[in-house]
Amino acid sequence: MIKNKAITLVGSLITSDVGEFAGWCHDCQPFTPEDLTGGVETELQTAVLGSRNDVDLPLLIEQSNYFANIIKRSTAGDLPRRALTDLERYLDNNRDGVWENSWVRFPRHLLSSWTADILNHDLLADKENPAVGSRHDLSRYTVCRDGGEELIRVPMSYLLKLALVEAAGNPSENSVVAGLCHTWLMHHFINDNTSPETTSFYVVSSAAEGVGAPLARENSRRYLLTQLLSAYANQRFDLVRRGQECIAYLAPHPPLRQKILNGSISDAFYRELFMSPCLSGWRRGEEKASYMSLCHQALSRSQLHCVAKLREAGIINHNLVVLPNVSNTSLANNGTHISLGSRCLSTRLAAGGHESQRAEKKFSDLVVKFIEHFLPLFVGAYSAAPYRLAFEEFHPESVLGFLPHELDYTHLRMFWRRWKKKAGLSFLGRPLTPFGPLWLDRLLAAGLRLKGDWVADYRLIDYLVSPLSTDRSPAFDGSLGSQERLKKDLAALGVFDESMALYVLCRPRTLATHGYCGFEGRHYSLFDDLDDDLKRSANLQALLTAVASQMILNGSFSHRQVPDDPVIESERRQIFFGAAAGLPTFYVHRNSGNRFLANLLVHIPGVRNSRRYPGYWRVGNQAYRLALIDYLRREAPAQVEQFAATELLDDLQQRLLDKDYAVAGRLTKKILGGCCRSPLQMKAAEFNDQAELFYRQDLRQQHFRKAWRQWENDCHALEKQAEAHREIAAELQKITGPDGLDVASFLRRVEPQIRQENGDVNLLERLIRLLMLTIYLDRKRFGYNHHDIKEESYLAEPSIHRAANQ
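For the sequence shown, the numbering used here gives the first residue as 7, with consecutive numbering after it.
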């Protein structure tokens with residue numbers, strides 16, 4: 007029945023826009039394997055290990071005016087005793103001594119003269135105009151101990167940059183490593199939220215095995231360098247001896263203890279403790295830090311507005327709610343962003359004027375609409391953020407995160423009802439959700455055996471990834487200024503702030519703003535394998551971008567097929583969010599204006615009329631995702647062949663069919679560690695604690711070993727290339743000469759020391775310099791000269807070579 011009706015719908019309504027882009031790109035085939043370029047931005051979790059008497063975060067809390075005022079007011083009875091005991095419990099109950107996102111303290115005199123110069127430069131209010139003077143918050147970065155010793159106090163994200171500069175050596179020396187560091191590499195260690203961010207050291211072009219392989223290799227190098235820099239900083243800046251051991255690793259969620267602390271303090275104090283000061287990567291860092299504080303305030307206010315929307319949607323039917331914190335932790339989540347660009351499109355647009363900008367906007371918005379239909383393929387299969395939710399957490403105002411701002415009310419109600427059913431929130435056939443008092447809800451959960459739920463990627467629900475368009479201001483209608491108009495509407499509704507960059511799942515990178523034409527995939531959470539999973543993700547993103555581009559250029563995909571309506575936008579995005587939560591079904595209106603989606607439904611088995619929702623089709627999420635793979639094979643055979651993507655699609659299908667092969671399943675199995683077969687057999691708090699421990703220890707080591715092994719295998723090429731580069735050969739002699747070994751043998755000999763974190767400062771410095779040489783030669787392979795940084799502004803967000811605070 008659905009097949010005949012959908013065919014009629016599509017056949018009667020789809021009109022082709024062949025020729026719409028004729029002449030705009032007549033001799034250019036954008037996003038083909040030969041045309042593609044790419045880069046990766048990675049967000050990292052950091053922690054400082056040590057006692058509360060040595061680590062900056064607990065010391066800062068204890069010595070703060072905020073803590074003193076809480077003690078005074080609690081003693082006087084102006085505040086409930088709990089306000090103080092919650093803070094004391096956070097400080098006292100830390101048996102593992104892990105302080106996530108803490109800053110570090112070390113003596114200023116340990117900095118070399120060249121590193122001190124970098125620090126002083128980064129503390130300027132305007133780095134291009136030293137006459138303005140230093141930042142107004144200069145006192146934050148200095149602490150004086152008893153005895154007059156001056157300590158530098160910086161976040162670990164900035165510590166990585168200082169360690170890199172220190173290890174690279176004096177820039178006045180004629181050294182390839184020092185020159186590379188000071189002209190470019192150090193600028194790729196930035197941060198603007200809470201976590202450190204690193205961006206690709208160079209732009210890669212597509213290789214024989216696709217763009218994914220060189221992207222994964224570069225990302226692996228960068229991760230390995232970050233690990234070596236963390237270990238080096240611990241030794242070089244005397245941190246370990248002073249009770250502070252720094253680590254950096256990949257973890258998708260805000261730390262649990264940070265969430266607990268956030269519930270005990272004010273939003274202003276939270277920002278003082280955790281928001282980045284933006285020392286690196288920005289011309290006017292203090293202004294950028296103020297902007298990030300604005301982002302935190304906007305998102306915190308936005309989550310309060312979600313409660314009102316839930317009431318308007320009929321999900322909350324009474325006044326008994328659990329209010330969200332006035333401070334939101336979602337900016338502490340961590341993901342990976344993969345950016346792909348088109349050389350020919352960037353060149354073509356650079357030669358045009360205003361009309362080229364209009365065409366670029368219309369083209370880019372169409373690509374985004376097309377790709378959004380395919381994003382459920384990535385969720386859980388390539389990246390994930392496994393999370394356990396206990397029964398007592400299933401208050402809609404808490405567990406639904408920012409979804410009230412991202413879905414239409416109808417789809418939000420459908421989503422919530424289906425999620426409650428999946429989580430088994432019922433008793434004797436009647437739906438049952440928590441009442442509010444924690445002791446009562448836990449008693450109820452234990453008595454009725456209500457376990458809550460496990461979700462594949464909770465990061466995508468807990469974070470505002472893409473706010474919904476409004477009726478008057480669609481974000482992707484192809485018109486110039488559409489996103490700016492939407493931000494004004496959202497600001498008026500209390501959802502967003504118009505000075506912020508609009509959050510979207512697939513972000514266009516425009517020539518005028520970013521220096522190239524392309525797209526940034528922002529839907530990636532945590533990869534299990536930094537090589538294979540990231541490589542395949544990038545290759546699939548490249549394939550989808552190429553298919554979308556070709557269909558747009560030949561007129562087979564147009565704005566008329568996917569009208570710009572908030573309901574239609576919500577209809578396609580509900581599938582993506584449903585995949586993140588693990589919902590088995592979704593619903594599509596039988597008269598949906600989304601003709602592209604209606605055409606997809608024709609080929610999906612098991613689609614039927616919904617008995618609960620008259621006028622809607624009931625569609626299986628798994629069947630939909632498998633149909634998307636079939637669509638690519640059926641409708642885009644030329645691109646599948648061009649990208650040699652047959653094996654890629656076969657592997658993706660296996661990931662969808664075999665939960666243990668998908669990343670969500672692999673990560674969950676490793677988190678469980680063999681003690682349970684299912685995450686539902688483990689208490690929610692225990693599972694989430696175990697997940698953080700796994701990310702911090704086992705997964706960090708797993709990623710390190712894989713990156714090291716790849717580096718070791720590539721060192722044969724390093725020595726061969728050194729024969730043709732006198733400066734490289736001289737550097738290699740300094741690094742490995744004392745051992746009388748070739749590079750690969752040297753790495754094999756020292757790996758056990760490094761893996762067990764027993765390397766001394768001299769060895770770590772040699773390894774860092776060796777890795778920088780590898781990066782230098784990798785850059786040359788992609789056409790970069792020693793001091794050529796023109797192309798590399800491609801990756802900065804926003805570019806460090808443009809005006810600050812775009």
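Every residue gets a Cβ at the ideal spot worked out from N, C-alpha and C, and that includes glycine.
Pairwise C-alpha distance: residue j and residue i
| i | j | result |
| --- | --- | --- |
| residue 740 | residue 731 | 15 Å |
| residue 498 | residue 334 | 20 Å |
| residue 39 | residue 268 | 46 Å |
| residue 121 | residue 725 | 30 Å |
| residue 828 | residue 674 | Because the chain is modelled from 7 through 812, residue 828 falls outside the range shown and cannot be assessed. |
| residue 698 | residue 658 | 27 Å |
| residue 279 | residue 114 | 22 Å |
| residue 400 | residue 440 | 6 Å |
| residue 885 | residue 593 | The structure shown does not extend to residue 885, since the chain spans only 7 to 812, so no value can be given for it. |
| residue 650 | residue 355 | 29 Å |
| residue 404 | residue 765 | 45 Å |
| residue 146 | residue 287 | 19 Å |
| residue 495 | residue 483 | 15 Å |
| residue 582 | residue 524 | 22 Å |
| residue 247 | residue 57 | 12 Å |
| residue 762 | residue 534 | 21 Å |
| residue 24 | residue 373 | Its pLDDT being 45, under 50, residue 24 is placed unreliably in this model, and the value from its coordinates should be taken loosely. Distance between the alpha carbons of residue 24 and residue 373: 16 Å. |
| residue 477 | residue 614 | 30 Å |
| residue 290 | residue 633 | 49 Å |
| residue 783 | residue 330 | 50 Å |
| residue 216 | residue 623 | 38 Å |
Per-residue DSSP class, three states only, for residue i
| i | result |
| --- | --- |
| residue 405 | helix |
| residue 113 | strand |
| residue 161 | strand |
| residue 700 | helix |
| residue 149 | strand |
| residue 532 | strand |
| residue 614 | strand |
| residue 467 | helix |
| residue 324 | coil |
| residue 189 | helix |
| residue 512 | strand |
| residue 388 | coil |
| residue 47 | strand |
| residue 827 | With the chain covering only 7 through 812, there is no way to say anything about residue 827. |
| residue 743 | helix |
| residue 396 | coil |
Member of the options whose CA lies at the smallest distance from the CA of residue i
| i | options | result |
| --- | --- | --- |
| residue 472 | 433, 501, 458, 245 | 501 |
| residue 629 | 607, 643, 372, 647 | 607 |
| residue 282 | 159, 602, 530 | 159 |
| residue 409 | 378, 571, 469, 246 | 469 |
| residue 219 | 72, 133, 344, 455 | 344 |
| residue 748 | 397, 96, 721 | 721 |
| residue 392 | 461, 452, 157, 357 | 461 |
| residue 691 | 493, 577, 398, 521 | 398 |
| residue 118 | 302, 622, 175 | 175 |
| residue 245 | 273, 165, 537 | 165 |
Residue i, enclosing alpha helix (DSSP H) - first and last residue
| i | result |
| --- | --- |
| residue 459 | Careful: residue 459 lies outside any alpha helix (DSSP H), inside the beta strand (DSSP E) at 459 to 461. |
| residue 218 | 218 to 242 |
| residue 251 | Taken as a continuous stretch (DSSP letters only), residue 251 belongs to no alpha helix (DSSP H), being part of the beta strand (DSSP E) at 251 to 255. |
| residue 787 | 767 to 787 |
| residue 301 | 291 to 318 |
Opening and closing residue of the beta strand (DSSP E) in which residue i lies
| i | result |
| --- | --- |
| residue 51 | 51 to 55 |
| residue 105 | 104 to 106 |
| residue 348 | 342 to 348 |
| residue 623 | 622 to 626 |
| residue 204 | 203 to 205 |
| residue 754 | Per DSSP, residue 754 belongs to no beta strand (DSSP E); it is in the alpha helix (DSSP H), 749 to 761. |
| residue 248 | Run containing residue 248: none; DSSP gives neither H nor E here. |
| residue 595 | 591 to 595 |
Cβ-heavy atom distance, residue i to the ligand PLP, below 7 Å
| i | result |
| --- | --- |
| residue 380 | With respect to small molecules bound, the structure shown includes none, and the ligand PLP cannot be examined in it. |
Exposure label - residue i; buried when at least 16 CB within 10 Å
| i | result |
| --- | --- |
| residue 742 | buried |
| residue 275 | buried |
| residue 802 | Low confidence applies to residue 802: its pLDDT is 38, below 50, so where it sits in the model is not reliable, and the reading given next is rough at best. Under this definition residue 802 is a buried residue. |
| residue 51 | buried |
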